[in-house]
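For what it's worth, the numbering used here labels the leading residue of the sequence shown as 11, then goes sequentially. Cβ coordinates follow ideal geometry from the N, Cα and C atoms, glycine included. Computed from a prediction, not measured in an experiment: that's the story for all the values here. To start, the structure under review is shown below, and the notes come after it.
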Amino acid sequence: MEKKNQIYEGKAKILFETDSSDHLIQYFKDDATAFNAQKKGTINQKGVFNNKISTRIFEYLQAEGIPTHYEKTLSDREMLVKKVEIVPIEVIIRNVAAGSLCRLLNLEEGMKLKVPILDFCYKKDSLNDPLISEYHIRALGWATDEEVEEIKKYVFKINDLMKKFFLDINLDLIDFKVEFGRFKGKIILADEISPDTCRLWEVGTGKKMDKDRFRKDLGNVEEAYQEVLNRVVK
Ligand code: TMP
Ligand code: ASP
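Here is the structure:
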């Protein structure tokens, strides 16, 4: 597949057209941002780590019946994906209280939740990705009722599958964010799944093995991503 023009550059990835109108190349950068890009930096080799980690997770989810945009891994930093129309919603599942949930409700980090929380955020940097409900999504036409139901069905299944996947490598899945897109009329999982988009705590020690090391200046950021990759491909 031939790489053509760049069509989009985001905070962590660049998208390129290909000679297939149904496919894009997703290029993973080392750039890291936090708190809606108020904090900016670089995590050395992050693009390579996240491409490989995402690859493994997409392959696993796909094999378990979740449709994804993943086609194949082309190089250290490049993944061939289906060209989707992104639904402008960040879909978050939380199993344990952390991050913005603790700030919102003044909860102690690490509090186990009785059931997982599903949050929707509108993907809009200029508004700071505000928390919304599924009624906003329907009322503003960002997705149809059927699409919202499909997304909810998939995201809970993804949570069950990923909790098991990470527990097998001694990591607790605290929370994660995913994005979906439309491809030929169907909702499929898109974007990436990596330590940028998941909170992962080591079982037993509680050590943070994700982007919170960058967000909170905890040090050993690269080492944590490398360790997650080592475990994921073991
Ligand atoms: P939050 O606690 O900051 O809302 O984050 C919840 C989860 O979503 C966490 O695993 C990090 C991930 N996330 C992203 O992938 N992108 C984002 O822009 C934000 C804010 C969170
Ligand atoms: N990626 C988001 C940003 O730049 C936030 C985050 O992951 O904390 O702002």
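- In terms of side-chain proximity, the C-beta atom of F186 is found nearer than 8 Å to a non-hydrogen atom of ligand 1.
- Closest in C-alpha terms to K173, from the list K56, E212, A153, comes E212.
- The beta-carbon distance between I35 and E88, rounded to whole angstroms, is 5 Å. This is short enough to meet the 8 Å contact definition.
- With respect to the 9 Å criterion, V242 and I63 are classified as neighbours on the basis of their beta carbons.
- Around the C-beta of I147, 16 or more other C-beta atoms lie within 10 Å, and the residue is accordingly described as buried.
- Positions of the alpha helix (DSSP H) runs, each at least 4 residues long and wholly inside the region 58 to 134, are given as 109 to 115 in order along the chain.
- Straight-line spacing of the CA atoms in L137 and D222 works out to 22 Å.
- With respect to L199, T65 sits apart: the two C-beta atoms are not nearer than 9 Å.
- Under DSSP, D41 forms a beta bridge with T52.
- Between V94 and the set G120, S30, F38, the nearest pair of CA atoms involves S30.
- Counting C-beta atoms within 10 angstroms of its own C-beta, I17 has fewer than 16 neighbours from the protein chains shown and is therefore classed as exposed.
- The Cβ atoms of G191 and V97 sit closer than 9 Å to each other.
- Annotated three-state conformation of A153 is coil, per DSSP.
- Judged by DSSP in its simplified three-state form, A200 adopts strand.
- The secondary-structure analysis by DSSP pairs Q236 with nothing; it has no beta-bridge partner.
- A Cβ-Cβ contact shorter than 9 Å links D185 with A108.
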